[in-house]
Amino acid sequence: MTESEAHHFSAHETPADCDVLIVGAGLVGATLALRLRTSGLRVGLLDKSELTGTTAASVSEPRDAPDNTEQPPKFDPRVVALTAQSQQLLEHVGVWQKLKQSRHCPYTQMRVWEQDGTGEVEFDASEIHEPALGTIIENGLIVGALHARIADCLIEQARSVNPWLTLFMGRGVLKLEQRQEKGRPLSR
1072 MTESEAHHFS AHETPADCDV LIVGAGLVGA TLALRLRTSG LRVGLLDKSE LTGTTAASVS
1132 EPRDAPDNTE QPPKFDPRVV ALTAQSQQLL EHVGVWQKLK QSRHCPYTQM RVWEQDGTGE
1192 VEFDASEIHE PALGTIIENG LIVGALHARI ADCLIEQARS VNPWLTLFMG RGVLKLEQRQ
1252 EKGRPLSR
């Protein structure tokens, strides 16, 4: 499978041919697409950018084991505080296994306050008798692992008779029309 086959739709495929169209292939959109993998739905994933870290070579070869000869990705100052449930979701979609070997750190306490100082909330793992509340990890590492998993799924899908995912990369949404057709929108 070539990179163009993996990343782009054919002339007959449009977002209208999808049961679910996800706009945005970031952390939430990519996770949702992977979560819908076994749903039986035809999923479209649309983003104005290409998938990160997926060259022609990386798209055509599965990523079972990390390549320890590569330099680690550049540090991303944007981090995400994952809860244990979010970590389980990433495990379910086949991404956490790759992230376990990357830069991350458990957190045991968290204090969140409003900018003007009128309210705050504190969390502590000891209060729920857990070793940690979750894990802090760089946003870019999660998105890169999600995109790598999507690329792996596209390779598997090329051998399947039931394709479930179509990528619409390098595309944006100009206008959204709501039509009265069968089914109903899940979000507005």
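In this note's numbering, the protein residues as written are 1072 to 1259.
Using N, Cα and C, we set each Cβ at its ideal position, and we do this for glycine too.
| field | Secondary structure of Asp-1147, DSSP reduced to three states | value | Reading the sequence shown from its first residue, position 76 is the one you call residue 1147. Correct three-state label for Asp-1147: coil.
Check: Residue range of the beta strand (DSSP E) that Arg-1230 falls in?
Finding: Numbered from its first residue, the sequence shown carries residue 1230 at position 159. Premise fails: Arg-1230 is in no beta strand (DSSP E) and is neither H nor E.
What did DSSP end up calling Arg-1106 once you bin it into helix, strand or coil? Position 35 of the sequence shown holds residue 1106. Arg-1106: helix per DSSP, three-state reduction.
Trp-1235 (DSSP reduced to helix, strand or coil): Locating residue 1235 in the sequence shown gives position 164, where the first residue counts as 1. Residue state, collapsed to three classes: coil.
Assess contact between the region 1158–1168 and the region 1101–1115, defined as three or more Cβ pairs (one per stretch) separated by less than 8 Å. Is contact present? yes
### Backbone CA spacing between Thr-1206 and Ala-1196 [nearest angstrom]
Looking up residue 1206 in the sequence shown gives position 135. Looking up residue 1196 in the sequence shown gives position 125. So the alpha carbons of these two residues sit roughly 12 Å apart.
(message) Is it buried or exposed, Glu-1198, if we count other Cβ atoms within 10 angstroms and call 16 or more buried?
(response) Taking the sequence shown and counting its residues from 1, one reaches residue 1198 at position 127. Exposed, because fewer than 16 other Cβ atoms sit within 10 Å of the Cβ of Glu-1198.
Problem - Neighbourhood of Asn-1210 by C-beta, 6 Å cutoff - its chain only, sequence neighbours within 5 removed - result: Within the sequence shown, the letter at position 139 stands for residue 1210. Here the set comprises Asp-1147, Arg-1149, Val-1151.
**OP:** Go ahead and label Arg-1230 buried or exposed: buried means 16 or more other beta carbons lie within 10 angstroms of its beta carbon, across all protein chains shown.
**Re:** Here residue 1230 is taken as the residue at index 159 of the sequence shown, counted from 1. Arg-1230 is exposed by the Cβ-count criterion.
Tell me the rounded alpha-carbon separation between Ser-1173 and Leu-1212. In the sequence shown, the residue the question calls residue 1173 occupies position 102. In the sequence shown, the residue the question calls residue 1212 occupies position 141. Taking the straight line joining both Cα atoms gives about 8 Å.
Note to self: Which residues does DSSP list as the beta-bridge partners of Gly-1115?
What the structure shows: Position 44 of the sequence shown, counted from the first residue, corresponds to residue 1115. In the DSSP output, where bridge partners are listed per residue, Gly-1115 has Leu-1092, Thr-1237.
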